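When you line the sequence shown up against this note's numbering, it's residues 6 to 623, in that order. We treat Cβ as the ideally placed atom computed from N, Cα and C, and that holds for glycine. A quick note: this is a predicted structure, and the numbers were derived from the prediction, not measured. Input: a single structure, listed below in structure tokens.
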Amino acid sequence: MEENKLDINTIIGFVLIFGILVFMFWQNQPTPEELAAKKAEQEQVEATKAVQSEASEPVATAPIPVDANDSIAVANYKNAMGSFGYTSPKEGTTILENDLLYLEISNKGGQIVEATMKDFVTYDSIPVYLVKDNNASFGLVFSTSDNRVLHSKDLYFEPTLTSSGDTQVLSMKAKVSADKYLEYRYEMKPDEYLVGFQLRSQGLNGVINNSGPINLDWKLKGIRHSKSVQYENRYTRLTYNHKGGKISKLSEGSTEEELESDVKWLSYRQHFFSSILTNSDNFESAKLSSVNLVEEESRTQGFTKEFAAEIPLKLEGGELAYNLNWYYGPTDVKVLAQYKELGLDDSIPFGWGIFGWINRYMFTPIYTFLSSFIPFGIAIVVMTILVRLVMSPVTYKSYLSQAKMKVLKPEITELNEKYKDNAMKKQQETMKLYNKAGVSPMSGCIPALLQMPIFYALFMFFPTSFAMRQKSFLWADDLSSYDAIAHLPFSIPFYGDHVSLFPILASVAIFFYMMMTTGQNMQTQPGMPNMKFILYLSPLMMLFFFNNYASGLSLYYFVSNLITIFIMLAIKNFILDEDKIHAQIQENKKKPKKENKFQRKMREMMEQAEEQKKLGKK
6 MEENKLDINT IIGFVLIFGI LVFMFWQNQP TPEELAAKKA EQEQVEATKA
56 VQSEASEPVA TAPIPVDAND SIAVANYKNA MGSFGYTSPK EGTTILENDL
106 LYLEISNKGG QIVEATMKDF VTYDSIPVYL VKDNNASFGL VFSTSDNRVL
156 HSKDLYFEPT LTSSGDTQVL SMKAKVSADK YLEYRYEMKP DEYLVGFQLR
206 SQGLNGVINN SGPINLDWKL KGIRHSKSVQ YENRYTRLTY NHKGGKISKL
256 SEGSTEEELE SDVKWLSYRQ HFFSSILTNS DNFESAKLSS VNLVEEESRT
306 QGFTKEFAAE IPLKLEGGEL AYNLNWYYGP TDVKVLAQYK ELGLDDSIPF
356 GWGIFGWINR YMFTPIYTFL SSFIPFGIAI VVMTILVRLV MSPVTYKSYL
406 SQAKMKVLKP EITELNEKYK DNAMKKQQET MKLYNKAGVS PMSGCIPALL
456 QMPIFYALFM FFPTSFAMRQ KSFLWADDLS SYDAIAHLPF SIPFYGDHVS
506 LFPILASVAI FFYMMMTTGQ NMQTQPGMPN MKFILYLSPL MMLFFFNNYA
556 SGLSLYYFVS NLITIFIMLA IKNFILDEDK IHAQIQENKK KPKKENKFQR
606 KMREMMEQAE EQKKLGKK
């Protein structure tokens, strides 16, 4: 970021501008004659206003009728107080704010027209807006008793702002008369992102058509907040709680619509920030839709997805009565966990099944604890070391299996040469050798499978961890975004228009790790010559796929593979002795081996296949 410094040229420029302004004000000051004329004119205007004011005293009349078919007239039909007629609609907004949140509520529609986070800025230092410049709309659509359709977002509401201690209460009423109105009631408490929202009506049982539908209509276009719009869009989802606590999401990358029942809350999640509407009594149903607005990476794209919800409401005794809440704030587990009774922390994408459990109850608490007293990047390194130490027994088992396979390599090669023209016999003899030696080719795969839940859980943890947002480490200015060290004058498909360093380091580490593991097995496994392709493909995929991903994730994989390489070198040089392994295998060969049912069944099937092959040749 460029520093703001004043040089001598800037100072001279300011002095010159100031001098010019002073000269212009002096040159254009009015003459004494002009001042006298101006004073006489002002006195004449004030006298005229006084006469007009006396002539315009209110006269009691009957209320002015409103054309039932004129929707504009109905929208302006407001505040019929006593016998003094109707007042004109008033434009304007009312502000609710605390130390965390700024809300601006418009008289037209009684809806929130601006929602701003006070403690956060975007990647380019602009305040984080969730609602701004008509990107959102909220209102009720209903029919009247004389079969007219009204949209509350077109009606004018009368604001009344009161305070009770530190709590601010804003009542917005769209009135038919003094005791007949539709009310939106906002309640903001200090230091909270959750805003109470009551939706109710009074005296409208004869105005609203009881037999017609009443729909709550809420739309929002997600505003871009991150450097990579595609990356942010990947974690921008419409998430909702329904059917007894089930958490579901609409499509990540395509247009989708769903009709759901028993909906407790709706979250329009914009990666690290969320706009949430909750109902403690649950909505009976909701028609939800999500439209993807991002087709490719773009520096100018301003929006990610367009969300919409259409929710049927019910009248109780001919009136509306709903106790709801708005949440405009960070998608941060520390904040959302404060509203445990609403279950808002379930809107965070921890992952599904066991992966979500690992993130929620293991990685999130560990990282939160570590980052509370050490820098965020160092916390990733320390957490990586802890994970690798916990997984070191699995790494040991994996390397032991590889060492045994390496010891058996000469015998495997001999069998391959001896039965090179008989694949079935070669497979039978190879399995006999494994059985006698007490070696299982699958023993090297099982440790890798055990690590998969950890791998996937971390894949979800780093891109969605709010704690890493805009936290720097080394050359990365934001651990939740990519760590560009160079920008390209062009864009490479699937790679982007920049070069991130942590993915390069992680790819190099993965290559050497695979050389130490897969490289050995490729030479011992017959009939798999294309495995060498994987050795080069995996690091290349890492390089391309993670170039736009969170640098914290690439940092983890780099450190993790580096630690794994050192652990495997330590096991090879200081723990395992290949001569002892070879001697142990030879001892195992001398011991009689009892086949289990699976091994016996496999042997019998292979023998039958061999016999059938011989008969076929005859």
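Residue closest to residue i, alpha-carbon to alpha-carbon, out of the options
i	options	result
GLY217	LEU293, PHE202, TYR128 and LEU318	LEU318
ASP350	LEU560, THR244 and GLY307	THR244
GLY322	LEU209, ILE383 and MET177	LEU209
SER406	MET573, THR418 and HIS156	MET573
ASP151	ASN215, GLU119 and TYR191	ASN215
MET177	GLY258, VAL234 and LYS185	LYS185
ASN328	LYS194, GLY334, LYS310 and PHE288	PHE288
THR260	LEU293, GLY250 and TYR189	LEU293
ILE459	PRO508, THR469 and VAL395	VAL395
VAL387	SER130, ALA183, SER206 and LEU560	LEU560
GLN473	GLN306, ILE385, VAL118 and LEU264	Per the sequence shown, the amino acid found at residue 473 is Met instead of Gln. When each option's Cα is compared against that of MET473, the closest is ILE385.
LEU548	GLU192, ILE371 and PHE516	PHE516
HIS492	TYR439, ASN552, LEU479 and GLN475	ASN552
LYS248	LEU264, ASN297, VAL133 and LEU282	LEU264
GLU192	SER477, LEU204 and LEU175	LEU175
VAL234	ARG190, GLU302, ILE219 and GLN173	GLU302
ARG205	GLU119, GLY250 and LEU320	LEU320
GLU416	PHE478, LYS431 and VAL126	LYS431
Through-space distance from residue j to residue i, alpha-carbon basis
i	j	result
VAL136	TYR344	22 Å
SER285	GLU346	9 Å
ALA52	GLU163	Because the pLDDT at ALA52 is just 48, under 50, the model does not fix this residue reliably, and the point stays unresolved.
LYS113	ALA314	21 Å
LEU463	TYR554	13 Å
MET436	MET521	25 Å
LEU341	PRO498	37 Å
PHE467	PHE308	23 Å
LEU221	SER266	15 Å
VAL212	ALA326	16 Å
LEU187	PHE550	52 Å
LEU391	GLY382	15 Å
HIS276	GLU237	6 Å
PHE378	MET410	45 Å
ASN421	GLU257	49 Å
ILE509	LEU413	36 Å
PHE312	ASN246	16 Å
GLU96	HIS156	17 Å
MET367	GLN306	36 Å
GLN173	TYR240	33 Å
GLU434	ASP426	13 Å
LYS423	ASN440	19 Å
Buried or exposed (CB count within 10 angstroms, at least 16 for buried), residue i
i	result
VAL154	exposed
ILE100	exposed
PHE571	exposed
PRO354	buried
SER496	exposed
ASN364	buried
LYS180	buried
HIS230	buried
TYR562	buried
ASN578	exposed
TRP331	buried
LEU542	exposed
PRO494	exposed
LYS232	buried
VAL268	buried
GLY358	exposed
ASP483	buried
ASP171	exposed
LEU558	buried
THR418	exposed
ALA183	exposed
Supposed contact pair residue j and residue i - C-beta distance, whole angstroms, cut 8 Å
i	j	result
SER565	THR389	5 Å
ARG274	THR336	6 Å
THR569	ARG393	6 Å
LEU255	SER295	4 Å
SER227	LYS310	Contrary to the premise, residue 227 reads as Gly rather than Ser in this sequence. Correct: roughly 5 Å between the Cβ atoms.
MET465	PHE278	Not really, about 18 Å apart at Cβ, beyond 8 Å.
Heavy atom of the ligand SAM within 7 Å of residue i beta-carbon
i	result
TYR107	What this structure holds is no ligand at all, so the ligand SAM is not there to describe.
Can at least three beta-carbon pairs, one atom from the region 498 to 505 and one from the region 390 to 401, be found at a separation below 8 Å?
-> Flag = no, the region 498 to 505 and the region 390 to 401 do not touch.
If we count Cβ pairs, one from each stretch, closer than 8 Å, do we get three or more for the region 180 to 200 versus the region 104 to 122?
-> Here the region 180 to 200 lies against the region 104 to 122, with 3 or more beta-carbon pairs under 8 Å apart.
Is the number of C-beta pairs between the region 137 to 145 and the region 164 to 172 that are closer than 8 Å three or more?
-> Per the Cβ contact rule, the region 137 to 145 is not in contact with the region 164 to 172 (fewer than 3 Cβ pairs under 8 Å).
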